[in-house]
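Using my numbering, the letters of the sequence shown map in sequence onto residues 68 to 827. Presented below is the structure to which this report refers.
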Amino acid sequence: MEKQPARNMELLAPAGTIEAFEAAVESGADAIYIGAPAFNARALARHFSLAEVAAMIDHAHKNRVRVYLAMNSLMKEDEISKAVEELAALEALKADALIIQDLGISYLARKFFPGLRLHASTLMGAHNSLNVRQFAEMGFKRVVLAREMTLSEIGQIHKQCPVELEVFVHGALCFAYSGLCLFSSYLGGKSGLRGRCVQPCRRRYTWGSKGRGTGAPAGYLFSMNDLAGLELIPQLRQAGVSSLKIEGRMRSAQYVASVVKAYRLALDNPATPAVLTEAKELLEQAMGRKSSLGYFKKAQPMDIIAPQHSGNIGLFLGKTEKVTGNRAHMTLKEPLRVGDRLRIHQEGSGERQSFTLKGLWQGKVALEQAKAGSKVQVDLPPGAQWGDSLYKVDIGERRQQPTKKGIQPGLFSKKIATLVDPRKLAQIAHFLGKPVNRPAMAKTREERPVRTQSQVRGQGQQGQAQGRRGVAQVQLPLEWWLKIDDFDSLKVQLPTPPSRLVITLSRQTFAQYSRQQKRLIPYRRRLVWALPPVILEEDLQFYRDAIGHLRTSGYNAWQIGHIGQRLLFAADVQAVDAPGGESHPSGRKKGRVGQPPSERLLLCGDYTLNVLNSLSVQALAGLGLGNVQLAIETDRQNLFDVFGHKNALPMGMTIYGLPPLFTARLASPFFKYDQPLVSPKGEVIVLKQCWGQTVAVADQPFSLVPHSAELAARGVAYGVVDLSHLHPRPDELVAVFRQSGQPGRGGRRLRTFNYTGTLL
68 MEKQPARNME
78 LLAPAGTIEA
88 FEAAVESGAD
98 AIYIGAPAFN
108 ARALARHFSL
118 AEVAAMIDHA
128 HKNRVRVYLA
138 MNSLMKEDEI
148 SKAVEELAAL
158 EALKADALII
168 QDLGISYLAR
178 KFFPGLRLHA
188 STLMGAHNSL
198 NVRQFAEMGF
208 KRVVLAREMT
218 LSEIGQIHKQ
228 CPVELEVFVH
238 GALCFAYSGL
248 CLFSSYLGGK
258 SGLRGRCVQP
268 CRRRYTWGSK
278 GRGTGAPAGY
288 LFSMNDLAGL
298 ELIPQLRQAG
308 VSSLKIEGRM
318 RSAQYVASVV
328 KAYRLALDNP
338 ATPAVLTEAK
348 ELLEQAMGRK
358 SSLGYFKKAQ
368 PMDIIAPQHS
378 GNIGLFLGKT
388 EKVTGNRAHM
398 TLKEPLRVGD
408 RLRIHQEGSG
418 ERQSFTLKGL
428 WQGKVALEQA
438 KAGSKVQVDL
448 PPGAQWGDSL
458 YKVDIGERRQ
468 QPTKKGIQPG
478 LFSKKIATLV
488 DPRKLAQIAH
498 FLGKPVNRPA
508 MAKTREERPV
518 RTQSQVRGQG
528 QQGQAQGRRG
538 VAQVQLPLEW
548 WLKIDDFDSL
558 KVQLPTPPSR
568 LVITLSRQTF
578 AQYSRQQKRL
588 IPYRRRLVWA
598 LPPVILEEDL
608 QFYRDAIGHL
618 RTSGYNAWQI
628 GHIGQRLLFA
638 ADVQAVDAPG
648 GESHPSGRKK
658 GRVGQPPSER
668 LLLCGDYTLN
678 VLNSLSVQAL
688 AGLGLGNVQL
698 AIETDRQNLF
708 DVFGHKNALP
718 MGMTIYGLPP
728 LFTARLASPF
738 FKYDQPLVSP
748 KGEVIVLKQC
758 WGQTVAVADQ
768 PFSLVPHSAE
778 LAARGVAYGV
788 VDLSHLHPRP
798 DELVAVFRQS
808 GQPGRGGRRL
818 RTFNYTGTLL
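Here is the structure:
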């Protein structure tokens with residue numbers, strides 16, 4: 068595929084409202100991305116209707132502007148039918164591209180809707196050339212790179228990968244790698260991978276465990292400054308970037324208009340200092356956070372976090388000096404007008420709330436506006452307290468009302484139902500074995516088979532090898548795997564021998580392996596080497612060399628943390644198909660897995676592949692994997708739904724451990740590793756350094772071991788007990804296993820992640 072010429076670098080704008088969409092068109096965007104009605108990663112925003120999407124596409128195409136639909140949320144099993152309906156409608160509406168994260172949605176689009184052009188979302192974690200090449204092989208025409216990439220790394224990827232590259236150039240930055248953040252999900256079931264993040268990273272943290280410790284302030288350690296890459300456009304062009312993406316589907320029309328105009332000026336007038344100055348003045352009107360160059364210049368930028376600031380967007384108006392009822396006294400640091408859009412940051416709890424200013428006063432006199440320096444009273448939402456911070460995030464007099472001169476959803480509302488061929492939907496439903504309806508029709512759940520207790524007992528542990536002397540064996544009702552990231556964890560007492568020992572491959576464990584190979588003799592035929600989910604470009608050679616050495620030594624079972632890592636085994640792995648039975652785009656012949664000289668390769672999928680539905684399993688089977696874990700954030704109902712029918716691969720679950728709540732590239736000098744941090748809500752996390760990255764883990768492991776009988780009954784093939792990031796006591800696993808089959812009884816009660824709750 069030919070790359071887009073550098074001189075035609077695209078300016079891609081966000082739109083979360085029709086007003087913002089019109090502003091983007093009028094301000095000079097080449098393309099606009101909006102959320103697909105039900106599956107976008109800004110699900111907290113109002114969904115567009117299909118009629119609105121149709122009207123926006125029509126308006127944009129008349130103005131020679133492209134429209135991309137962000138269908139980049141993870142899909143649960145009971146949402147498959149809805150996804151089919153939406154894909155059919157978007158293909159009929161001739162959307163210019165679909166931005167996706169979920170492997171199951173990718174499978175559906177490639178198999179049934181070949182007219183859709185696919186872009187790999189930044190949530191798919193493209194942080195090295197292998198990942199980008201893998202997405203190109205899977206049929207993606209463009210890849211949105213991870214926001215942690217440097218200009219040098221982008222350039223290296225461009226030279227190696229025949230696919231368009233898109234980068235975020237302006238707007239909010241997440242602290243974590245997109246696609247690897249479980250923080251919001253773990254704390255309350257609101258998944259960032261499903262567009263429902265509550266942004267716990269924006270909270271203020273203190274050092275010390277909940278209820279004890281120093282309570283010394285740490286600050287807003289994970290609240291990133293905004294990205295502003297305006298001055299780097301020439302370097303991004305040189306690096307091979309095809310599209311410059313502005314973040315902000317939750318931002319106002321005024322923000323979109325100002326930022327798009329600024330970047331349009333800079334793109335159309337390169338190397339013109341006066342124009343660059345004018346563009347920067349436009350950006351100041353957008354009222355974002357303090358800005359930085361992100362990771363473009365340095366892998367460890369020093370200006371990307373200001374821990375003393377909350378990281379709120381907008382102009383800082385001041386702190387409340389006195390609060391009576393819902394009215395606060397304060398001295399303004401910026402002008403203010405009734406109708407302005409404000410955000411209050413409650414310093415005590417760390418919570419934030421946006422609202423439109425209804426009342427502005429001086430004494431008993433109502434004002435329409437007030438100048439900077441004025442002492443005023445402002446009407447606030449309930450809960451405001453002394454010392455809270457107030458920000459202006461949009462200007463009332465500039466808030467645009469919908470003109471709808473060119474965007475008229477009413478003209479399309481009656482046409483939507485006629486665009487999709489019901490015969491095609493019926494054929495897809497027959498293939499999937501699921502009901503698929505025209506848009507907006509209700510769904511019914513299928514019956515889910517449950518295995519008998521005799522079947523569960525029959526699947527128990529494979530083999531009855533003796534445990535450590537003096538330790539009574541404790542059986543689990545399903546096969547279990549032991550995972551470690553440090554050879555010292557092998558000192559733990561095993562309640563019963565694991566079916567597999569999984570070791571995370573890192574520079575540390577590879578060095579330990581060289582010294583302690585004898586300790587692995589009992590596990591030699593059962594050992595699985597696991598790759599971390601993040602491997603930076605500069606580390607690829609280490610992993611190639613280490614894998615080559617271990618493969619030569621006879622280790623043929625591997626677990627991958629990112630789908631792109633399968634290319635590290637390209638000589639041994641062949642794809643089954645591009646869906647439908649045809650040959651793979653690479654030209655390889657159909658066949659599951661190649662036969663290396665010593666033994667057949669087994670590729671396992673870690674939970675970081677974010678599998679929430681059976682179609683993702685089907686896609687991974689087609690890419691040569693032998694088994695896969697269900698996403699660690701799944702709830703019980705979705706697990707039941709996924710296992711309600713025969714899956715393409717054996718599937719496991721992590722049932723015990725300290726999963727990284729977020730994984731980040733930044734190793735800030737403000738961080739203190741292996742010390743507890745407490746949020747305003749009393750949530751405790753601990754920062755650690757692993758595989759060259761910063762991760763945060765909870766202060767206590769989660770456990771599904773008490774539910775292991777239920778998991779086995781539903782069809783879970785194996786449970787992973789993960790000791791990574793832990794320093795387990797010698798008897799810890801024995802105590803944990805004794806809780807098997809006793810949910811809520813005995814011993815230390817641990818969290819169940821979302822399993823006994825709801826994944827939103």
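Backbone N, C-alpha and C define an ideal beta-carbon position, used for all residues, glycine too.
Could you give the first and the last residue of the continuous beta strand (DSSP E) run that contains residue 101? Residue numbering aside, residue 101 sits at position 34 when the sequence shown is read from its first letter. That run of the beta strand (DSSP E) goes 98-102.
Is the beta carbon of residue 818 sitting closer than 8 angstroms to the one on residue 767? Here residue 818 refers to the residue found at position 751 when the sequence shown is read from its first residue. Here residue 767 refers to the residue found at position 700 when the sequence shown is read from its first residue. Cβ atoms of residue 818 and residue 767: closer than 8 angstroms.
For the beta strand (DSSP E) containing residue 164, list its first residue and its last residue. Residue mapping note: residue 164 aligns to position 97 of the sequence shown, counting from 1. Here the beta strand (DSSP E) through residue 164 covers 164-167.
Residue span of the alpha helix (DSSP H) that contains residue 335, given as start and end: On the sequence shown, position 268 is the one that residue 335 refers to. Where residue 335 is concerned, the enclosing alpha helix (DSSP H) stretches over 320-335.
If you run the structure through DSSP and keep just helix, strand and coil, what is residue 526? Mapped onto the sequence shown, residue 526 falls at position 459. Annotation note: pLDDT 42 at residue 526 (below 50); position unreliable, no value reported.
Three-state secondary structure (DSSP) of residue 386: Along the sequence shown, read from residue 1 onward, the residue named residue 386 stands at position 319. Correct three-state label for residue 386: strand.
Beta-carbon contacts of residue 171 that lie in its chain and below 6 angstroms, excluding the five residues immediately before and after: Here residue 171 refers to the residue found at position 104 when the sequence shown is read from its first residue. Counting only Cβ-Cβ distances below 6 angstroms, and skipping sequence neighbours, we find 142, 680, 682, 683.
Quick one: Cα of residue 288 to Cα of residue 731, how far? On the sequence shown, position 221 is the one that residue 288 refers to. On the sequence shown, position 664 is the one that residue 731 refers to. Cα-Cα distance, rounded: 12 angstroms.
In whole angstroms, what is the alpha-carbon distance linking residue 302 and residue 372? Taking the first residue of the sequence shown as 1, we reach residue 302 at position 235. Taking the first residue of the sequence shown as 1, we reach residue 372 at position 305. Residue 302 and residue 372: Cα-Cα distance of roughly 23 angstroms.
Output the residue ranges of the beta strand (DSSP E) runs that lie fully inside the stretch 113-190 and measure 3 residues or longer, sorted by chain position. 133-138, 164-167, 185-187
Quick one: grab the DSSP three-state call for residue 207. Your numbering for residue 207 matches position 140 in the sequence shown. Coil, per DSSP.
Kindly indicate the opening and closing residues of the alpha helix (DSSP H) around residue 215. The residue you call residue 215 lines up with position 148 of the sequence shown. Taken as a continuous stretch (DSSP letters only), residue 215 belongs to no alpha helix (DSSP H), as it is neither H nor E.
Assess contact between the stretch 623-637 and the stretch 200-220, defined as three or more Cβ pairs (one per stretch) separated by less than 8 angstroms. Is contact present? yes
From residue 209 to residue 735, what distance separates their C-alpha atoms? In the sequence shown, the residue the question calls residue 209 occupies position 142. In the sequence shown, the residue the question calls residue 735 occupies position 668. Spanning the two alpha carbons is a distance of roughly 32 angstroms.
Whose C-alpha, out of 116, 601, 154, 81, is nearest the C-alpha of residue 487? As a working mapping, residue 487 is identified with position 420 in the sequence shown. Ranking 116, 601, 154, 81 by Cα distance to residue 487 puts 154 first.
Below 8 angstroms on the Cβ atoms is my contact criterion, and I expect residue 567 with residue 595 to pass it. Report the Cβ-Cβ distance as a whole number of Å. Looking up residue 567 in the sequence shown gives position 500. Looking up residue 595 in the sequence shown gives position 528. Rounded, the Cβ-Cβ distance is 5 angstroms, consistent with contact.
Test item: CB-CB of residue 409 and residue 427 under 8 angstroms: As a first step, residue 409 must be located in the sequence shown, where it is residue number 342. As a first step, residue 427 must be located in the sequence shown, where it is residue number 360. In this structure, residue 427 does not lie closer than 8 angstroms to residue 409 by Cβ.
For residue 314, is the classification buried or exposed, using 16 other Cβ atoms within 10 angstroms of its Cβ as the cut-off for buried? Here residue 314 is taken as the residue at index 247 of the sequence shown, counted from 1. Buried, since its Cβ has 16 or more Cβ neighbours within 10 Å.
Determine the contact status of residue 398 and residue 442, defining contact as a CB-CB distance below 8 angstroms. The count along the sequence shown starts at 1 and reaches residue 398 at position 331. The count along the sequence shown starts at 1 and reaches residue 442 at position 375. Yes, the pair counts as a contact, with Cβ atoms nearer than the cut-off.
Please report how far the alpha carbon of residue 245 lies from the alpha carbon of residue 599, in whole angstroms. The residue labelled residue 245 in the question sits at position 178 within the sequence shown. The residue labelled residue 599 in the question sits at position 532 within the sequence shown. Rounded to whole angstroms, residue 245 to residue 599 spans 15 angstroms at the Cα level.
Work out the CA separation of residue 263 and residue 253 for me, nearest whole Å. Position 186 of the sequence shown, counted from the first residue, corresponds to residue 253. Position 196 of the sequence shown, counted from the first residue, corresponds to residue 263. Rounded to the nearest angstrom, the two C-alpha atoms are 12 angstroms apart.
Can you give me the start and stop residues for the beta strand (DSSP E) that residue 549 sits inside? Here residue 549 is taken as the residue at index 482 of the sequence shown, counted from 1. It spans 546-551 - the beta strand (DSSP E) in which residue 549 sits, taken as one unbroken run.
Within 10 Å of its beta-carbon, does residue 103 have 16 or more other beta-carbons around it, so buried, or fewer, so exposed? Position 36 of the sequence shown, counted from the start, is the residue given in the question as residue 103. Burial call: buried.
Counting beta carbon pairs with one atom in the stretch 75-92 and one in the stretch 428-439, are three or more of them shorter than 8 angstroms? no
So the candidates are 349, 332, 351, 185; which of them puts its Cα closest to the Cα of residue 342? Here residue 342 refers to the residue found at position 275 when the sequence shown is read from its first residue. The shortest Cα separation from residue 342 among 349, 332, 351, 185 belongs to 332.
Taking only the alpha-carbon atoms, compute the straight-line gap between residue 404 and residue 461 and give it to the nearest angstrom. Taking the sequence shown and counting its residues from 1, one reaches residue 404 at position 337. Taking the sequence shown and counting its residues from 1, one reaches residue 461 at position 394. Answer to the nearest angstrom: the Cα atoms are 10 angstroms apart.
How far does the beta strand (DSSP E) with residue 452 in it reach, from first residue to last? Residue numbering aside, residue 452 sits at position 385 when the sequence shown is read from its first letter. No beta strand (DSSP E) contains residue 452, which DSSP labels as neither H nor E.
Beta-carbon separation of residue 412 and residue 456 under 8 angstroms? On the sequence shown, position 345 is the one that residue 412 refers to. On the sequence shown, position 389 is the one that residue 456 refers to. Yes, these two residues count as a Cβ contact at 8 angstroms.
Between which two residues does the alpha helix (DSSP H) containing residue 293 stretch? In the sequence shown, residue 293 corresponds to position 226, counting from 1. Not the alpha helix (DSSP H): residue 293 falls in the beta strand (DSSP E), residues 293-295.
Tell me which residue opens and which closes the alpha helix (DSSP H) that residue 347 is part of. By 1-based counting over the sequence shown, the position of residue 347 is 280. Per DSSP, residue 347 belongs to the alpha helix (DSSP H) from 340-351.
Per DSSP, what kind of secondary structure is residue 825 in: helix, strand or coil? Residue 825 sits at position 758 when you count from the first residue of the sequence shown. Residue state, collapsed to three classes: coil.
Option in 561, 547, 583, 542 with minimal Cα separation from residue 553: Position 486 of the sequence shown, counted from the first residue, corresponds to residue 553. For residue 553, the nearest C-alpha among the options comes from 583.
Give a yes or no on whether the C-beta atoms belonging to residue 687 and residue 640 are separated by under 8 angstroms. By one-based count along the sequence shown, residue 687 stands at place 620. By one-based count along the sequence shown, residue 640 stands at place 573. Contact: no.
Compare the beta carbon distance of residue 783 and residue 720 with 8 angstroms and say whether it is the shorter of the two. Here the question's residue 783 lines up with position 716 in the sequence shown. Here the question's residue 720 lines up with position 653 in the sequence shown. Closer than 8 angstroms, so yes.
In or out: residue 422 buried (at least 16 other Cβ within 10 Å) or exposed? Locating residue 422 in the sequence shown gives position 355, where the first residue counts as 1. When all chains shown are included, residue 422 counts as exposed.
Spatial distance of residue 561 from residue 816 (CA atoms): Within the sequence shown, the letter at position 494 stands for residue 561. Within the sequence shown, the letter at position 749 stands for residue 816. Cα to Cα, residue 561 sits roughly 21 angstroms from residue 816.
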